[in-house]
Amino acid sequence: MSVSSDFSAVRADFPILGVDLDGRSPAYLDNAATTQKPRQVLDAIHDYYTTANSNVGRSVHTLSMRATERYESARGRVAEFLGAADKDEVVFTRGTTDSINMVAEGFGRQVVGSGDEVLISGMEHHSNLLPWRRLCERVGATLRVVPIDEHGELTPEAFTAQITERTKLIAVAHVSNVQGTVNPVREITAEAHRHGIPVVVDGAQAVAHRPVDVQELGADFYCFSSHKMYGPMGVGVLYGRAELLERMQPINVGGGIVRHVTYDGPNKYYKAPHLFESGTPNIADAVGLAAAIDYLEGIGREQVAAHDLALAERAAAGLRALDGVTVFGAQRPQGGIVSFGVEGLHPYDVGNHLNTYGIAVRTGVHCAVPFIDSLGLTIGTTRASFGVYNTAEEVDLLLEAVSTVEKGFWSNEHPNDRSLA
Ligand SMILES: Cc1ncc(COP(=O)(O)O)c(C=O)c1O
10 MSVSSDFSAV RADFPILGVD LDGRSPAYLD NAATTQKPRQ VLDAIHDYYT TANSNVGRSV
70 HTLSMRATER YESARGRVAE FLGAADKDEV VFTRGTTDSI NMVAEGFGRQ VVGSGDEVLI
130 SGMEHHSNLL PWRRLCERVG ATLRVVPIDE HGELTPEAFT AQITERTKLI AVAHVSNVQG
190 TVNPVREITA EAHRHGIPVV VDGAQAVAHR PVDVQELGAD FYCFSSHKMY GPMGVGVLYG
250 RAELLERMQP INVGGGIVRH VTYDGPNKYY KAPHLFESGT PNIADAVGLA AAIDYLEGIG
310 REQVAAHDLA LAERAAAGLR ALDGVTVFGA QRPQGGIVSF GVEGLHPYDV GNHLNTYGIA
370 VRTGVHCAVP FIDSLGLTIG TTRASFGVYN TAEEVDLLLE AVSTVEKGFW SNEHPNDRSL
430 A
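Start counting the sequence shown at 10; every next residue gets the next number (my numbering).
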């Protein structure tokens, strides 16, 4: 697959790509950590603050009604983006981690009890592992981990084999943040639903890189962060099927979620999604997220998926051809992520060296220590992850830089530093 030149105009939308890094310009290949923000998103946030800023759902004045209208229309935009049946199935959160914790504590506690089991895959980010582990510890349930195969992939059969009558919840990443593996979510949800088990999907690494339709996937809950899809920091989404959100309890209570309150009698709560958004929400960034969706859809989600994959394929093939370099994961990349190691070198040395070329990559254990350990890669990997503004030239620069890396500070002094887990 070749890298389309139609994307060349996209770079001009991202002011940060023109920044001077001590005489170099950034080759930003750390998109799985966070993406850069296009002018369209920055403008939407600026426009909100300069023409509509107020609090939502609180007052009758024009600015408050304007803010409410923009916030709720952002919700509607997210619902369309995800193929949700109703906009009230979209809860604004602080991000993927927040969304998963809300499900674990607010819904997990309703359905998982003593002696039950929660199933996760062996390639989860800590954010889709620790909330489930804590839930299990709190209610006396067992966390079971579905093993990955020798290629670091997850098969539907491996999931099916672990389902028992005690399994009450399944949580799985749509796309791995370490290797970019795309998991068979549709098959997993189909099997889970045959047993009446709800499935929580961590979509943090999926939404920016491929079309996602929650109904087609059969996801009962779907979680993602705006900042990984060209939107602002500090806002994210929890999609939940309406009948499951009805069973979910709010973790945070306070203003904005009740119609009527007493000191000791029953309170009258709003329903989802407002029940889960107590306090003043992050209105401006929800508006920014809607602008990011417009931006991605303006390019075309299929086109974005093909572009990111083509860059990853070019990188993986080029890296494999270099002496002493190992590319981890499937033989051909499945998403926009390539994780690799250079023989005898700590990933931090590789990252430091690439930084001298202006290349930004993520190095280390990628908040997935049990997965990294299961691959026998204790010091972690170097991860290049691609987005809409990346080019074939940047991939070639990466290859050139990797081919000249030498042992450095970390290889000698800190052979196994995991402090950034
Ligand atoms: C697969 C996956 N899940 C969850 C998260 C957590 O996302 P956030 O830090 O935005 O909450 C990340 C972030 O890297 C991720 O890659």
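Using N, Cα and C, we set each Cβ at its ideal position, and we do this for glycine too.
These numbers were taken from a predicted model, which means no experiment stands behind them.
With 16 as the cutoff for other CB atoms within 10 Å, does residue i come out buried or exposed?
i	result
residue 424	Any reading at residue 424 is ruled out, since the residue's pLDDT is 47, under 50, leaving its predicted position unreliable.
residue 272	exposed
residue 431	Here the chain covers residues 10 to 430 and nothing more, so residue 431 does not appear.
residue 345	buried
residue 328	buried
residue 25	exposed
residue 275	exposed
residue 252	exposed
residue 269	exposed
residue 235	buried
residue 261	exposed
residue 58	exposed
residue 391	buried
residue 316	buried
residue 258	exposed
residue 370	buried
residue 256	exposed
residue 69	exposed
residue 72	exposed
Using a Cβ-based criterion (distance less than 6 angstroms to any ligand heavy atom), does residue i qualify as near ligand 1?
i	result
residue 218	no
residue 44	no
residue 420	no
residue 134	yes
residue 62	no
residue 317	no
residue 9	Outside the shown range of the chain, which is 10 to 430, sits residue 9, and nothing can be said about it.
residue 373	no
residue 211	yes
residue 106	yes
residue 364	no
residue 18	no
residue 182	yes
residue 186	yes
residue 214	yes
residue 287	no
residue 234	yes
Got a sec? Which residues, its chain only, sit under 7 angstroms from residue i by beta carbon, not counting five neighbours each side?
i	result
residue 93	99, 223 and 248
residue 108	102, 232, 245, 246 and 247
residue 216	233 and 238
residue 156	131 and 167
residue 410	362, 363, 366 and 368
residue 324	347, 393, 404 and 407
residue 300	49, 50 and 53
residue 384	161 and 337
Compare the Cα-Cα distances from residue i to each of the options and report the closest residue.
i	options	result
residue 37	241, 97, 65 and 407	407
residue 31	401, 367 and 185	367
residue 200	165, 183 and 219	165
residue 295	86, 176, 135 and 340	86
residue 342	178, 20, 129 and 185	185
residue 41	412, 55, 400 and 396	396
residue 106	182, 147, 338 and 219	182
residue 135	359, 387, 211 and 176	211
residue 202	258, 146 and 176	176
residue 205	174, 146, 391 and 163	174
residue 412	370, 385, 351 and 384	351
residue 339	228, 191, 67 and 312	191
residue 349	386, 225 and 149	386
residue 148	89, 401, 241 and 125	125
residue 254	114, 83 and 187	114
Grab me the residues of residue i's own chain with a C-beta within less than 8 angstroms of its C-beta, minus the 5 sequence neighbours each way, in chain order.
i	result
residue 103	243, 244, 245 and 291
residue 142	152
residue 389	356, 372, 373, 374, 375, 381 and 427
residue 23	45, 46, 47, 48 and 398
residue 158	164 and 167
What does a CB cutoff of less than 6 angstroms around residue i pick up in its chain, not counting 5 residues either side in sequence?
i	result
residue 429	Reliability fails at residue 429, whose pLDDT of 47 lies under 50, so the model's placement of it is uncertain and the value that follows must be treated cautiously. Excluding positions up to five away in sequence, the list reads 373.
residue 403	36
residue 209	112, 180 and 230
residue 76	61, 63, 65 and 292
residue 265	287
Hey, is residue i close to ligand 3, as in C-beta under 6 angstroms from one of its heavy atoms?
i	result
residue 420	For ligand 3, the structure offers nothing, since it holds only ligand 1.
Open item on the list: Does the structure place the region 160 to 176 close enough to the region 186 to 197 that three or more beta carbon pairs sit under 8 angstroms?
Closed with: yes
Task: At least 3 beta-carbon pairs within less than 8 angstroms: the region 312 to 328 vs the region 367 to 380 - done: no
Task: the region 118 to 138 / the region 78 to 98 touching (three or more Cβ pairs under 8 angstroms) - done: no
- [ ] Determine, using beta-carbon pairs with one atom in the region 325 to 343 and one in the region 289 to 306, whether at least three such pairs fall under 8 angstroms.
- [x] no
Task: the region 40 to 57 touching the region 274 to 285, judged by at least three CB pairs closer than 8 angstroms - done: no
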